[in-house]
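Written below as structure tokens is the structure these notes are about.
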Amino acid sequence: EAGVTQSPTHLIKTRGQQATLRCSPISGHTSVYWYQQALGLGLQFLLWYDEGEERNRGNFPPRFSGRQFPNYSSELNVNALELEDSALYLCASSLRRTSGTYEQYFGPGTRLTVT
Amino acid sequence: TQLLEQSPQFLSIQEGENLTVYCNSSSVFSSLQWYRQEPGEGPVLLVTVVTGGEVKKLKRLTFQFGDARKDSSLHITAAQPGDTGLYLCAGDFNDYKLSFGAGTTVTVRA
Chain A
585 EAGVTQSPTH LIKTRGQQAT LRCSPISGHT SVYWYQQALG LGLQFLLWYD EGEERNRGNF
645 PPRFSGRQFP NYSSELNVNA LELEDSALYL CASSLRRTSG TYEQYFGPGT RLTVT
Chain B
926 TQLLEQSPQF LSIQEGENLT VYCNSSSVFS SLQWYRQEPG EGPVLLVTVV TGGEVKKLKR
986 LTFQFGDARK DSSLHITAAQ PGDTGLYLCA GDFNDYKLSF GAGTTVTVRA
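Chains A and B are the protein sequences, given in the same order.
To convert, take the position in the first sequence, counting from 1, and add 584; that gives our numbering.
To convert, take the position in the second sequence, counting from 1, and add 925; that gives our numbering.
Put into structure tokens, the structure is as follows:
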């Protein structure tokens, strides 16, 4: 069974540009999560999508946005890029949470470099 | 704000030695997950613990969940160079996202 996939692997942009990152979840998973892992800051929760809707959002400005498509794949868009947006962006997926615990499985990440 | 504290931040040991990594919070977890991450890759799920006092074993790795569900530990017996990596604990506080600790970088020298 294929795991979570992300594209592109690496992305280089200049300050002020927009970046689009893509994620395909594990088959059967309906929830997609986005995290930012900047150097020295650990994994910070960005966004959670389930069934095409944004369900929760971390403490990030509105220029970080995204969407989830009917096939449950997801896009993360970062507008007006700033140097500090340089980080590894990780996507994770899980089964839909109804009750109890759930497990998130991560993709390999997209390394975004803003120059 | 980090709700989870991991310790130590760095750990360097010789092959064959044992090590323990700790994860603590002032809040109760509904569940806690341990991940290992290698440079430039995504975290890989090792285990999920749910019940207070639970102990899970994965080959040479032993995971414990505190009785009050506020702390957890990861113990590696007879560490090998392949155990080298960043170990992350992630807590589910019933708020539909995982909160991650800062991680423990483990280096096992041959």
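Just so it is clear, CB atoms sit at the ideal spot from N, CA and C, and this is done for glycine as well.
- Residues of chain B whose Cβ lies closer than 9 Å to the Cβ of PHE629(A) are, in chain order, LYS1022, LEU1023, SER1024 and PHE1025.
- Annotated three-state conformation of LEU625(A) is coil, per DSSP.
- Look at the segment 652-672 of chain A: the residues with a C-beta under 9 Å from a C-beta of chain B are LEU672.
- Taking 8 Å as the cut-off, the beta carbon of PHE1025(B) is found no closer than this to the beta carbon of SER955(B).
- With a beta-carbon spacing of about 11 Å, THR694(A) and GLN620(A) fall beyond the 8 Å limit used to define contacts.
- Using a CB distance below 8 Å, the part of the segment 962-976 of chain B facing chain A consists of GLY965, GLU966, GLY967, PRO968, VAL969, LEU970, THR973 and VAL975, ordered along the chain.
- Secondary structure of ASP992(B) (DSSP, three-state): coil.
- Within the same chain, and ignoring the five residues on either side of ASP634(A) in sequence, the residues whose Cβ sits closer than 7 Å to its Cβ are THR614, SER615 and ARG680.
- Collapsing the DSSP output to three states places ASP1020(B) in coil.
- Taking 8 Å as the upper bound for CB-CB distance, GLU659(A) and ARG599(A) are not in contact here, some 21 Å apart.
- In this structure, ASN640(A) sits near LYS1022(B), with a CB-CB distance shorter than 8 Å.
- When C-alpha distances from ALA664(A) are compared across PHE690(A), GLN652(A), GLY587(A) and VAL698(A), the shortest belongs to VAL698(A).
- VAL1031(B) is a Cβ neighbour of LEU936(B), given a cutoff of 8 Å.
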